[in-house]
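A.B. asks: Numbering (the working numbering), first residue to last: 233 to 391. Using N, Cα and C, we set each Cβ at its ideal position, and we do this for glycine too. Small disclaimer: the values here were computed from a predicted structure and weren't measured. Mind looking over this structure? Questions follow.
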């Protein structure tokens, strides 16, 4: 019985200490003192995220009534929903925002290489959203960064 009481006290002291240190660690820059955390799991998670996407206006001579998101344009893009395509589009958006013309040209060529048909008119958009709100009601801010024309090799680009 003495051993049972001893372990009961040890467990109670451990849990109380863990609890106190956990909440005290919330004042630290990283909000935790590994391996002890403060239980405020999402308090330090940024609420707003930025992502980039392509919206396609026309392809192979067909104009769409509404721009088609690249994730729904499986017939126009190779592996449109794949991680590689997503990463390349995110990189394109980041490079575009940086304003480096050479990097934009290089990244644009990579992204345009994913299209399986030409000519294509598409736009690069910035999506700003809170992941929880987007999950609840699909709400996000969308800003068009620029529209691009990818022409077939034997056609001339239009201004």
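Can you list, in chain order, the residues of its chain whose CB lies under 6 Å from that of residue 374, leaving out five sequence neighbours each side?
C.D. replies: So the qualifying residues of the chain are 357 and 359.
A.B. asks: Could you tell me which residues DSSP pairs with residue 290 in its beta bridges?
C.D. replies: Per DSSP, 295 and 353.
A.B. asks: Between which two residues does the beta strand (DSSP E) containing residue 347 stretch?
C.D. replies: Neither: residue 347 is in no beta strand (DSSP E) and is coded neither H nor E.
A.B. asks: Where does residue 360 sit, in a helix, a strand or coil, going by DSSP?
C.D. replies: Of the three classes helix, strand and coil, the one that applies to residue 360 here is strand, per DSSP.
A.B. asks: Just verifying my parser: in three-state terms, what is the DSSP assignment at residue 241?
C.D. replies: Three-state result, residue 241: helix.
A.B. asks: Starting from the C-beta of residue 351, find all residues in its chain whose C-beta is less than 8 Å away, skip the five residues before and the five after it, and write them out in chain order.
C.D. replies: Excluding sequence neighbours, residue 351 sits near 290, 291, 292, 293, 381, 382, 383, 384 and 387.
A.B. asks: Buried or exposed, going by whether 16 or more other CB atoms sit within 10 Å of the CB of residue 247?
C.D. replies: It counts as exposed.
A.B. asks: Run the CB neighbour count on residue 347, radius 10 Å, all protein chains shown included, and call it buried at 16 or more, exposed below.
C.D. replies: Residue 347 is buried by the Cβ-count criterion.
A.B. asks: Once DSSP output is grouped into helix, strand and coil, what is the label at residue 261?
C.D. replies: Three-state result, residue 261: coil.
A.B. asks: Below 8 Å between beta carbons: does that hold for residue 379 and residue 343?
C.D. replies: Against a cut-off of 8 Å, the Cβ pair of residue 343 and residue 379 comes out as no contact.
A.B. asks: Check this for me: beta carbons of residue 287 and residue 301, under 8 Å apart or not?
C.D. replies: Contact: yes.
A.B. asks: Look at the alpha carbon of residue 244 and the alpha carbon of residue 279, and state the distance between them as a whole number of angstroms.
C.D. replies: Roughly 36 Å between the two C-alpha positions.
A.B. asks: With distance defined between alpha-carbon atoms, name the residue in 349, 328 and 333 nearest to residue 376.
C.D. replies: Minimum Cα distance to residue 376 is reached at 328.
A.B. asks: Does the beta carbon of residue 317 sit closer than 8 Å to a beta carbon anywhere in chain C?
C.D. replies: The structure shown contains no chain C; it holds only a single protein chain.
A.B. asks: Who are the near neighbours of residue 355 in its chain, counting only those whose CB is closer than 6 Å to its CB and skipping five residues on each side?
C.D. replies: Closer than 6 Å at Cβ, skipping near neighbours: 287, 376 and 379.
A.B. asks: Starting from residue 371 and walking both ways along the beta strand (DSSP E), at which residues does that stretch end?
C.D. replies: Note, residue 371: premise wrong, no beta strand (DSSP E); not H, not E.
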